[in-house]
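Those letters in the sequence shown? Residues 52 to 230, per the working numbering, in order.
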Amino acid sequence: MTSEAQNTVERDWQEDVFRVLKSHDVKHVVFVPDAGHCAAIRMSYADPDIKAVVLTTEEEGIGYLAGAWLGGERGALLMQSSGVGNCINTLALQNCAGFPLLMVVTMRGDWAEFNAWQNPMGQATEASLKLMNVMTWRADVPADVAPLLHGAATMAFNGDRATALLLGQRLIGEKKWVK
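Quick look at the structure:
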């Protein structure tokens, strides 16, 4: 595959995240800035029907999305796997209140990670989410992103469940230390 073709495939899966959220009538996209989510964040800001909200910490997003649901609107939380660790206690809110919670998580501490500080939470992300009763799926190839996110959104919004799609580091691409 040429590098131009590879770049097109990468952009397509990133844009698929936004397209699937939009198709599920998501009105709020909340996030801590992350390069893996840059296309969905950029597209959310550009869409007049979506409120894009930058958070100071990921757990704020869970409360925000609970409020959005109480107000009759859907939302999604975009974050890195390191942010999942910040959310563990706050996930109890979803467990007790039973509102839909859709999360899209870019993985760190996964394949070819250069930053050792990312490894502990990256390796514990999926198990931590499952311990908090979050249903999880993992996409490691571009073709899996749209159908897995569609399924996660359907189960969250139609079943008042917490769901997460984990976007693996092989999908996102190897990060390089820049000196």
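Virtual Cβ for every residue (Gly too), placed ideally from N, Cα, C. Small disclaimer: the values here were computed from a predicted structure and weren't measured.
**Message:** Can you give me the C-alpha to C-alpha distance between asparagine 146 and methionine 183, rounded to a whole angstrom?
**Reply:** Their backbone Cα atoms lie some 8 Å apart in a straight line.
**Message:** Let me check one thing: in DSSP terms, what residues is glutamine 65 bridge-paired to?
**Reply:** Note: glutamine 65 sits in no beta bridge, so no partner.
**Prompt:** Can the beta-carbon of leucine 142 be found closer than 9 Å to that of tryptophan 188?
**Reply:** For the 9 Å CB-CB criterion, leucine 142 and tryptophan 188 do not form a contact.
**Asked** Which full runs of the beta strand (DSSP E) of 3+ residues lie inside the region 126-200, going along the chain?
**Response** Within the region 126-200, the complete beta strand (DSSP E) segments of 3 residues or longer fall at 152-157, 186-190, listed in chain order.
**Prompt:** alanine 119 lies in the alpha helix (DSSP H); which residues open and close that run?
**Reply:** Element bounds for alanine 119: 110-121.
**Message:** What does the alpha-carbon distance come out to for the pair glycine 210 and leucine 222?
**Reply:** Their backbone Cα atoms lie some 28 Å apart in a straight line.
**Message:** Quick check on the DSSP output: the alpha helix (DSSP H) that includes alanine 97 runs from which residue to which?
**Reply:** That run of the alpha helix (DSSP H) goes 89-97.
**Prompt:** Under a Cβ-count criterion, where at least 16 other Cβ atoms within 10 Å of its own Cβ denotes burial, should alanine 56 be classed as buried or exposed?
**Reply:** In this prediction, alanine 56 scores a pLDDT of 49, lower than 50, which makes its location untrustworthy; the coordinate-derived value is nonetheless stated afterwards. Exposed, by the Cβ-count rule.
**Request:** Would you decide whether alanine 167 is buried or exposed? Buried here means 16 or more other CB atoms lie within 10 Å of its CB.
**Result:** Per the 10 Å Cβ criterion, exposed.
**Request:** Between the Cα of alanine 213 and those of Gly224, Val135, Pro171, spot the shortest distance and give me the residue it belongs to.
**Result:** Closest in alpha carbon position to alanine 213, among Gly224, Val135, Pro171, is Val135.
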